[in-house]
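Asks: Dropping the structure in here first, questions after.
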Amino acid sequence: MKAAMVLAAPEQGSVDPRRWLALCVLLAGTLLPPLDFFVVNVALPAIQADLQATPALAQLVVSVYAAAYAVTLILGGRLGDLYGRKRMFLVGMLGFGLASALCGCAPSPGVLVAGRLLQGISAAVMAPQSLASIHALFPDREKSRALGIYGATFGAASVAGQLLGGLLVSADLFGLGWRMVFLINLPVIALAVPAAISWVRDSRSEQAARLDIVGALLLAAGLLALVVPLIEGRERGWPAWCIGLLALGPPLLLAFWCCEQRLERRQGTPLVPPSALASPGLRRSLAATFFFYTLAPFFLVFAVYQQAGLGHGPLAAGLAVLPLGIGFLLGPLCSAPLAQRLKADTAAFGMGLEAVGALAAAGLAWADAPTWLVAPLFLIGLGQGIALPALVRLNVDQVDARWAGLAAGLVNATLQISAAVSTATIGGLFFALSSRGTGPDAVKAAFPVASLAIAAGLALAASLSRKPRIAR
Numbered sequence: 001m002k003a004a005m006v007l008a009a010p011e012q013g014s015v016d017p018r019r020w021l022a023l024c025v026l027l028a029g030t031l032l033p034p035l036d037f038f039v040v041n042v043a044l045p046a047i048q049a050d051l052q053a054t055p056a057l058a059q060l061v062v063s064v065y066a067a068a069y070a071v072t073l074i075l076g077g078r079l080g081d082l083y084g085r086k087r088m089f090l091v092g093m094l095g096f097g098l099a100s101a102l103c104g105c106a107p108s109p110g111v112l113v114a115g116r117l118l119q120g121i122s123a124a125v126m127a128p129q130s131l132a133s134i135h136a137l138f139p140d141r142e143k144s145r146a147l148g149i150y151g152a153t154f155g156a157a158s159v160a161g162q163l164l165g166g167l168l169v170s171a172d173l174f175g176l177g178w179r180m181v182f183l184i185n186l187p188v189i190a191l192a193v194p195a196a197i198s199w200v201r202d203s204r205s206e207q208a209a210r211l212d213i214v215g216a217l218l219l220a221a222g223l224l225a226l227v228v229p230l231i232e233g234r235e236r237g238w239p240a241w242c243i244g245l246l247a248l249g250p251p252l253l254l255a256f257w258c259c260e261q262r263l264e265r266r267q268g269t270p271l272v273p274p275s276a277l278a279s280p281g282l283r284r285s286l287a288a289t290f291f292f293y294t295l296a297p298f299f300l301v302f303a304v305y306q307q308a309g310l311g312h313g314p315l316a317a318g319l320a321v322l323p324l325g326i327g328f329l330l331g332p333l334c335s336a337p338l339a340q341r342l343k344a345d346t347a348a349f350g351m352g353l354e355a356v357g358a359l360a361a362a363g364l365a366w367a368d369a370p371t372w373l374v375a376p377l378f379l380i381g382l383g384q385g386i387a388l389p390a391l392v393r394l395n396v397d398q399v400d401a402r403w404a405g406l407a408a409g410l411v412n413a414t415l416q417i418s419a420a421v422s423t424a425t426i427g428g429l430f431f432a433l434s435s436r437g438t439g440p441d442a443v444k445a446a447f448p449v450a451s452l453a454i455a456a457g458l459a460l461a462a463s464l465s466r467k468p469r470i471a472r
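So for the sequence shown, UniProt numbering puts the first residue at 1; every next one is plus one.
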């Protein structure tokens, strides 16, 4: 493919009259994966105490989900392209329900970790189908609004996850304690599955093909070699096996790419067709997506800053980030109107707001004026909410409609890998600086430096996402 092809919108006569009902169902597949990542963070102490898990096993409850999700997202998106997005959405959702039941009934830490592994894989099959189906169902005039609702749902899941986890553990419904964190998914899935069967129209690539098994295994191995050390390395003090896995990652990914090129030359169907990535616009927008999620470590360093630096309790620290959550919820509602005016530069505008907010947060923290952080936090959340749906569309619009699932998987996988990389690097910088001194002052000094690094990443993302200007 010599030039980027715009994702085809449905023809006027073929627009599905049930598309807004279908969107409500598809948003369940958007809500559950991030919700189940954040909700477990709060429940982890209760899980560790009840199952008498070691700290290493407790950490695996979080990290095995994140790793499985990141590694299999591209495969999940491609499965939807090949075998039908509705079918794979249902498979992923049923698998997620089974895994949630296994986690909720787990008698031991080992069973819980196995359930979380299955949850991560199922989430990776389910989540890309939501985004790809939105692009297949909605005409261009409605796509920005639908993606704005998608972005708001993603933001709500991220913000509400920790609050919901605390409420469910504290309420101890039916004496189940932390188990309700997982079992609460079952009624949602019980409602969503029959609704999806009734309301969601299936879509897939028009060219039938077999799955590229060798490519899938090579990609999974390469991503696993990169993601697992980045998730586990800092917590475990960067042991030799982490360094060894990181060294294996690039050769495995290079072998994967060579395999894909060879398969495409033979007229086969690779997992990630090199021709689909031939567009400079897609490569540029994926690079912007990578740097867009340098915000991921902000939640970690801000929580440490609030508690270890300012001496606030967990509840106060949770409430302190609320302005960011409010902005994240409102941002996607502004994204569609802004898209009409700014077009392809909407994502750059949103990320510019985030960069300004992170710079302001660094300045206020440096001046020891934490009371005024409300405004920068709101600005960060607002920019994130504006940029996310615009950036998603910017990526998916670069490819042919038959590769919508692949593009959705690439976007989600890029976000997850970026979260792991930026948390390892910027989070590592923060902890290295805060450990050089003693007491709260060291943490207070480290937070502005981490915020400046995040602002730099967001500014780079904004620059990459801007439409190149052609000299005349």
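The beta-carbon is built from N, C-alpha and C at its ideal position, and this holds for glycine as well. Small disclaimer: the values here were computed from a predicted structure and weren't measured.
Where does residue 290 fall in DSSP's three states?
Replies: Looking at residue 290 - three-state DSSP - the assignment turns out to be helix.
Asks: Beta carbon of residue 32, beta carbon of residue 123: below 8 Å?
Replies: Contact flag set, yes.
Asks: Under DSSP, the alpha helix (DSSP H) around residue 204 begins and ends at which residues?
Replies: Element bounds for residue 204: n/a, residue is neither H nor E.
Asks: Among the residues of its own chain, which have a CB less than 6 Å from the CB of residue 290, if the five just before and after it don't count?
Replies: Excluding residues within five positions, the ones whose Cβ falls inside 6 Å are 414, 418.
Asks: Would you kindly work out how many angstroms separate the C-alpha atoms of residue 295 and residue 436, rounded to a whole number?
Replies: If you take the alpha carbons of residue 295 and residue 436, they lie about 24 Å apart.
Asks: Would you grab the beta carbon distance between residue 202 and residue 84 for me? Rounded to a whole angstrom, and I think it's under 8 Å.
Replies: Going by Cβ atoms, the distance from residue 202 to residue 84 rounds to 5 Å, so yes, they are a contact pair.
Asks: Residue 172: buried (16+ other C-beta within 10 angstroms of its C-beta) or exposed?
Replies: Its Cβ having fewer than 16 others within 10 Å, residue 172 is exposed.
Asks: With the cut-off set at 8 Å, would you say residue 161 and residue 39 are in Cβ contact?
Replies: Yes; because the gap between Cβ atoms is below 8 Å, this pair is in contact.
Asks: Starting from residue 312, trace the alpha helix (DSSP H) in both directions and tell me its first and last residue.
Replies: First-last for residue 312: undefined, no H or E at that position.
Asks: Looking at C-alpha atoms only, which residue of 106, 391, 352, 335 is the closest neighbour of residue 376?
Replies: For residue 376, the nearest C-alpha among the options comes from 352.
Asks: Scan the region 363–410 and note each continuous alpha helix (DSSP H) run of 4 residues or more that stays entirely inside, going in chain order.
Replies: Fully enclosed alpha helix (DSSP H) runs of 4 or longer: 374–396.
Asks: Residue 396 and residue 387 - do their beta-carbons sit closer together than 8 Å?
Replies: Against a cut-off of 8 Å, the Cβ pair of residue 396 and residue 387 comes out as no contact.
Asks: On the premise that residue 282 lies in contact with residue 70, defined as a C-beta separation below 8 Å, what is that separation, rounded to the nearest angstrom?
Replies: 20 Å between Cβ atoms; not a contact.
Asks: Where does residue 292 land, buried or exposed, given buried means 16+ other C-beta within 10 angstroms?
Replies: The residue in question, residue 292, is buried, as its Cβ has 16 or more Cβ neighbours within 10 Å.
Asks: Excluding sequence positions up to five away, which residues of its chain have a Cβ less than 7 Å from the Cβ of residue 46?
Replies: Here the set comprises 169, 177, 178.
Asks: With burial defined as no fewer than 16 other Cβ atoms inside 10 Å of the residue's Cβ, what is the status of residue 37: buried or exposed?
Replies: Buried, since its Cβ has 16 or more Cβ neighbours within 10 Å.
Asks: Pick out the complete beta strand (DSSP E) segments inside the region 131–186, 3 residues or longer, and give them in chain order.
Replies: Complete beta strand (DSSP E) runs here, min 3: none at all.
Asks: Taking the C-alpha atoms as reference points, what is the distance between residue 237 and residue 138?
Replies: Taking the straight line from one Cα to the other gives about 48 Å.
Asks: Helix, strand or coil: which one does DSSP assign to residue 234?
Replies: In the structure shown, residue 234 sits in a helix (DSSP, three-state: H, G or I).
Asks: Can you name the start and end residues of the alpha helix (DSSP H) that residue 15 belongs to?
Replies: Careful: residue 15 lies outside any alpha helix (DSSP H) and carries neither H nor E.
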